[in-house]
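Residue numbers (the numbering used here), protein chains in the order written: chain R, 272 to 381; chain Z, 10 to 123.
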């Protein structure tokens with residue numbers, strides 16, 4: 272079983288809808304949680320970074336971490352066609368190594 | 010502007026040849042990483058380095074080598090011993106003081122073995 276599980280999609284939504292993404296994990300020592308957006312043939316771009324549990328909002332993006340359930344989420348409000356990309360979750364403990372989900376492909380249709 | 014620069018963006022190699030991928034960062038980050046990305050798979054760690062002149066193997070280090078002679082630079086050599094080297098390679102870095110967890114990536118290098 273992988274340490275981090277992420278549904279590969281594709282997840283198709285109409286423009287303006289809310290995109291809901293999530294990852295589950297098994298290692299309770301993870302403390303740092305990240306979401307990345309990756310366009311085709313490009314490097315991942317850091318969208319959200321959260322330490323421990325709780326919510327964090329930045330513009331149209333909201334990240335949630337529920338450590339008791341070992342579950343993290345990313346919500347994208349008012350989705351745009353430019354949000355079409357692959358979204359990766361990542362997490363780590365204090366030891367400096369990161370575990371990544373396989374990525375969810377999101378398609379926002381006009 | 011601060012960032013991570015990978016070169017070349019695209020590289021073609023004949024079987025049996027070693028190739029070196031460059032990674033330079035001007036973010037004053039202590040730790041640097043190399044990942045491999047294949048379609049449908051998550052990022053897999055090849056090597057990482059927390060400080061100059063020290064590095065550790067990741068999950069798939071066989072057939073790869075690295076050096077960390079300068080804080081800014083962490084080149085990756087893909088040797089002829091790597092059986093399936095065609096992939097997208099990503100370099101990343103992070104600041105380790107204050108235990109900051111944010112990991113930043115370069116734009117990647119696409120290696121194709123002919």
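Don't be surprised by glycine CBs; every beta carbon is placed ideally from N, CA and C.
By the three-class DSSP mapping on this structure, what secondary structure does residue i have?
{"i": "residue 94 of chain Z", "result": "coil"}
{"i": "residue 285 of chain R", "result": "strand"}
{"i": "residue 75 of chain Z", "result": "strand"}
{"i": "residue 63 of chain Z", "result": "strand"}
{"i": "residue 123 of chain Z", "result": "coil"}
{"i": "residue 302 of chain R", "result": "coil"}
Per DSSP, residue i is paired with what?
{"i": "residue 55 of chain Z", "result": "Bridge partners of residue 55 of chain Z: none, in fact."}
{"i": "residue 118 of chain Z", "result": "Z:98"}
{"i": "residue 86 of chain Z", "result": "Z:29, Z:74"}
{"i": "residue 363 of chain R", "result": "R:303, R:369"}
{"i": "residue 376 of chain R", "result": "R:357"}
{"i": "residue 309 of chain R", "result": "R:357"}
Looking at the secondary structure, which residues open and close the beta strand (DSSP E) in which residue i lies?
{"i": "residue 105 of chain Z", "result": "Element bounds for residue 105 of chain Z: n/a, residue is neither H nor E."}
{"i": "residue 30 of chain Z", "result": "28-34"}
{"i": "residue 296 of chain R", "result": "290-296"}
{"i": "residue 16 of chain Z", "result": "13-16"}
{"i": "residue 112 of chain Z", "result": "No beta strand (DSSP E) contains residue 112 of chain Z, which DSSP labels as neither H nor E."}
{"i": "residue 276 of chain R", "result": "275-277"}
{"i": "residue 40 of chain Z", "result": "40-46"}
{"i": "residue 19 of chain Z", "result": "19-22"}
I believe residue i touches residue j by the beta-carbon criterion, under 8 Å. Please report the beta-carbon distance rounded to the nearest angstrom.
{"i": "residue 73 of chain Z", "j": "residue 64 of chain Z", "result": "Not confirmed; about 11 Å, so no contact."}
{"i": "residue 98 of chain Z", "j": "residue 30 of chain Z", "result": "6 Å"}
{"i": "residue 77 of chain Z", "j": "residue 87 of chain Z", "result": "Not really, about 17 Å apart at Cβ, beyond 8 Å."}
{"i": "residue 59 of chain Z", "j": "residue 105 of chain Z", "result": "6 Å"}
{"i": "residue 334 of chain R", "j": "residue 306 of chain R", "result": "6 Å"}
{"i": "residue 317 of chain R", "j": "residue 358 of chain R", "result": "Rounded, the Cβ-Cβ distance is 12 Å, inconsistent with contact."}
{"i": "residue 281 of chain R", "j": "residue 378 of chain R", "result": "6 Å"}
{"i": "residue 44 of chain Z", "j": "residue 102 of chain Z", "result": "12 Å between Cβ atoms; not a contact."}
{"i": "residue 28 of chain Z", "j": "residue 123 of chain Z", "result": "Residue 28 of chain Z to residue 123 of chain Z, Cβ: 12 Å. No contact."}
Does residue i come within less than 9 Å of chain C when only Cβ atoms are used?
{"i": "residue 316 of chain R", "result": "In the structure shown, chain C does not exist; the protein chains are R and Z."}
In chain order, each beta strand (DSSP E) run of at least 3 residues that lies wholly inside the region 313-353 of chain R: Taken in chain order, the unbroken stretches of beta strand (DSSP E) that lie wholly in the region 313-353 of chain R and span 3 residues or more are 316-322, 325-329, 332-337, 342-347.
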